[in-house]
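Number of protein chains: 2
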Amino acid sequence: MTSYTTRCLAAASILVVVLALVLKCLEPTTTTQFYRLIVWNCFVAFLGFSLTVYGIPRTKHKFPPCLQGRDQGRKGTPQENTPVPEGVGIVSGAMFLVCLILCQLFYAYHNNSKGTERLMEYDAALLTICFGLLLGFCDDVLDIPHKYKFFIPTIAALPLLVSYRGVTDIVIPKPLRFLIISAADDHELTFVGDLLNHFAPIDMASSGAIVKLGLFYHFYMLLLSVFCTNAINIYAGINGLEAGQSVVIGLAIVVMNCLELTHENDPVVFTGNDEQHLMSLIIMVPFVATSLGLLCLNWWPARIFVGDTFTHFAGMTFAVAAILGHFSKTLLLLFVPQIFNFLYSLPQLMRIIKLPRHRLPTFDPKTGLMRASRLNDRKKITEDGEYNYHNLTLINLVLQIFGPMREDKLCIYLLILQVFCCGLGLMVRYGIAGYIY
Amino acid sequence: MTSYTTRCLAAASILVVVLALVLKCLEPTTTTQFYRLIVWNCFVAFLGFSLTVYGIPRTKHKFPPCLQGRDQGRKGTPQENTPVPEGVGIVSGAMFLVCLILCQLFYAYHNNSKGTERLMEYDAALLTICFGLLLGFCDDVLDIPHKYKFFIPTIAALPLLVSYRGVTDIVIPKPLRFLIISAADDHELTFVGDLLNHFAPIDMASSGAIVKLGLFYHFYMLLLSVFCTNAINIYAGINGLEAGQSVVIGLAIVVMNCLELTHENDPVVFTGNDEQHLMSLIIMVPFVATSLGLLCLNWWPARIFVGDTFTHFAGMTFAVAAILGHFSKTLLLLFVPQIFNFLYSLPQLMRIIKLPRHRLPTFDPKTGLMRASRLNDRKKITEDGEYNYHNLTLINLVLQIFGPMREDKLCIYLLILQVFCCGLGLMVRYGIAGYIY
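Here the protein sequences come in this chain order: W and F.
When we follow our numbering, the leftmost residue of the first sequence carries the number 1, and every step to the right adds one.
When we follow our numbering, the leftmost residue of the second sequence carries the number 1001, and every step to the right adds one.
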């Protein structure tokens, strides 16, 4: 168990290394104007981190009783009834928004032919993230029913879609093109292609490589926002996991943005559009910084909980960055653990198997370890005779495979899995994409 | 005491009349595209009103204990300890944001040469209002210290200023021009004019009529946002006053927008710029509708409190509408009671006279009437020998002048004052402005 100061210093060192790498890597390739913006962005991000680690210990006593939770992972220990402030993500979220607003001041002067469009997208991004934060905080305070949680992010994402000025075409991977267009004769549409053509026009000039999705693409982006907002929320519950996974995914996006920005002249593997990736980078760097600050206090043994506030706005931030950065398909490659957790949870989410109030792993006060939880663990919800399943979550699955372990070790295992999946995702995107597109 | 249903029906009738008048008055002068947008806007506003009056009674039991207040105006009655949900402005605020987002869908298709700029301003407006709502709700839940309440609206207004594409010049009233430019000889600058010219260039071609304020104008807009956000917040505390004054000011702005939109060919008295006033109208109509819905439940005897949530986002909404509608000076004419209340409160706000926790009027349970409160009314805060002042608020002043009265009568008096001031403000703007500009 490390002290808060040690953790903060460790996090600050990691952050400084990351920021230095970003600055080092982007210096040779970008214009002076771009580079100044990135320097300012990194500075603001570090400021946001500092204010977060400074601010949270000084505001957490302000949280009212309705925002004080009990740590389910300390049941049976003397700390069982220690109230832990919930929804502290509001502090890092507010800092993050302030960082974004400060960066916008510079971004506004970064004029070019499409300056107004970019600024509009920036405003829409801020709005969507702010709405996500508001939704999350309301959820923590007022406990919004589940049905609205799918409805509200849809509304919140609408301004972003209205302001979206990017392409709405997708490129069909080469191995799948035969489904749409016959390779043999003079590029005629197949039956599937013909059917598809009724809904989304296929660009015949590109030999069926490009399908103009139009409104369907907007619909896909809406779904992405709803998915991201909820995906992190259901892959949560142990100290440090929510903020940890967000930091890992955020870093993966930063790496991707840097790759794209340094390879802008290679439009085969890379999208060759630097402005989108610049915007995504500007959003992601302060996000990683403030989430890292939050993680310092949320790491086991947690003195604060991030709450739905954090999971909602973090998910929305990823969706926004992916939509404005035009890498919404790549984002799904970084979300593999979340997607797996969602699919694996489906039988419970769809109530085919009973869904208890909490599906967290069960803490064993004798050994101090976490073990996979079963449906009946907390409250009897199935008949005695009935088969008592494990709760269907990725966290439980890891515990079933590796056996009981302490909460921080479990979190590290899950974060390693996230790092592995994100690394693999980036390799797939940049290693294989060149062959199939 | 009327039932909730009666009040809702009365409010709905008022709203329908207002919407019908707006539609009737704008039909002959605007283009079909504009008019369709306004029809959609009115429809969405009515929907927002209906959802607010439907939603609040169904969500108010969800408010946790930290968001349950006691009505200070019922002290000594059996209802003294009945908890009243606080911060219910979040419901009407969320509905209002949803209305604005739905209107944006139409607005986005209303393309013209400046379509992107307008859409950007719309996004920035939504963002600023959303931030105001978030700030207000956080204040209700976490009780933000006063010093930050001046700082945070400043940050929230920055995206709006960055996205602001309007003029930053002001026109000097004719009777004051002699201060800047000498009328006698060949239009030379006076000493004051010369001094001013160092900071803000004076347009000599217009004979000193126009001063280019530039960044100073941005600074003024920032101050306006901070002022509006806090002005309504300190002119509050009796049932129905916060929502009531907002509805009155909102209606005055709607009237002004309609006047401007129907007189767009008369650029002497009117600004002659219809797009700005269209945007302000689109923001104000749903705001009036949702606030009217809130007022139904907040009217004496209040079953809900609007909370700082409402006062903050309402103030921010006015500031946003005024900035984007380019009538920030006229807005101050509509805010006369708030400005008077602020100036009158200054000795207490600046701690020259002691400031108790609450400055609400004191309720006398024997008579059931409110009377002007004194500094010592609730808790002894000054020495016995010292002179015990009345609290310096406009509400108390009205009670000192007209004597004790019931809370709803007091609210009606204050609202009549607001209507009178707003009417006078509009008359000054449109009656006298033609002579002095």
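No residue lacks a Cβ here, since even glycine has one placed at the ideal position from N, Cα and C.
Keep in mind that this is a model prediction, so the values were computed, not measured.
- The beta carbon of W/L195 sits closer than 6 Å to no other beta carbon from its chain once the five residues preceding and following it are set aside.
- Per DSSP, the continuous alpha helix (DSSP H) segment holding W/L415 begins and ends at 407 to 427.
- Flagged as an interface residue toward chain F: W/P64, by a C-beta distance shorter than 9 Å.
- In this chain, W/F363 is not harboured by any alpha helix (DSSP H); it is covered by the beta strand (DSSP E) spanning 362 to 364.
- For F/V1098, the closest Cβ of chain W is nearer than 9 Å.
- Assignment of W/L392 by DSSP, reduced to helix, strand and coil, places it in the coil class.
- Listed along chain W are K62, each with a C-beta nearer than 7 Å to that of F/D1143.
- W/M316 has its alpha-carbon roughly 20 Å from the corresponding atom of W/T168.
- For W/I323, no Cβ of chain F is located within less than 9 Å of the residue's own Cβ.
- DSSP links W/G69 through a beta bridge to W/V84.
- For F/V1171, there is no enclosing alpha helix (DSSP H); the enclosing beta strand (DSSP E) has its first and last residue at 1169 to 1171.
- Residues of chain F with a Cβ closer than 7 Å to the Cβ of W/P159 are, in chain order, I1101, Q1104, D1123, L1126.
- When secondary structure is reduced to three states using DSSP, F/M1204 falls in the helix class.
- When the beta-carbon positions are compared, W/N239 and W/C99 stay at least 9 Å from each other.
- For F/L1369, the enclosing beta strand (DSSP E) covers residues 1369 to 1371.
- Looking at the DSSP output, W/V248 shares a beta bridge with no other residue.
- What W/T116 touches in chain F, judged by beta-carbon distance under 7 Å, is T1116, E1117, M1120, going in chain order.
- Residue pairing by DSSP places F/K1212 opposite F/D1169 in a beta bridge.
- Distance from the CA atom of F/L1047 to the CA atom of F/V1053, rounded to whole angstroms, is 10 Å.
- Closer than 9 Å to the CB of W/V306 there is not a single CB belonging to chain F.
- When only Cα atoms are considered, W/N273 and W/I339 end up about 28 Å apart.
- Interface with chain F (9 Å Cβ-Cβ cutoff): W/R165 is included.
- In this structure, the straight-line span from the alpha carbon of W/L417 to that of W/M405 is close to 16 Å.
- By the neighbour-count definition (other C-beta atoms within 10 Å, threshold 16), W/L414 is a buried residue.
- In the structure shown, the three-state DSSP call for W/I401 is helix.
- DSSP, reduced to helix, strand and coil, places W/R357 outside both helices and strands of the structure shown, so it counts as coil.
- When C-beta distances to chain W are compared with 7 Å, every residue of the stretch 1048 to 1059 of chain F stays at or above that value.
- Chain W places no beta carbon closer than 9 Å to that of F/A1200, leaving this residue out of the contacts.
- Beyond the five residues adjoining it in sequence on each side, F/N1341 comes within less than 7 Å, by CB distance, of I1234, Y1235, T1393, L1394 in the same chain, given in chain order.
- Under the 9 Å criterion on CB atoms, W/V162 is classed as interfacial with respect to chain F.
- For W/F305, there is no enclosing alpha helix (DSSP H), as DSSP marks it with neither H nor E.
- Going by C-alpha positions, F/A1231 is about 9 Å away from F/H1312.
- Its chain contains A1124, A1125, T1128, V1320, I1323 as the residues whose beta carbon lies nearer than 7 Å to that of F/L1160, once the 5 sequence neighbours on both sides are disregarded; these appear in chain order.
- Counting C-beta pairs with one atom in each stretch, the stretch 151 to 160 of chain W and the stretch 218 to 228 of chain W have three or more that are closer than 8 Å, which means they touch.
- Residue F/P1085 holds the alpha-carbon nearest to the alpha-carbon of F/R1058 among F/L1332, F/I1152, F/P1085.
- Between the alpha carbons of F/L1105 and F/N1298 lies a gap of roughly 31 Å.
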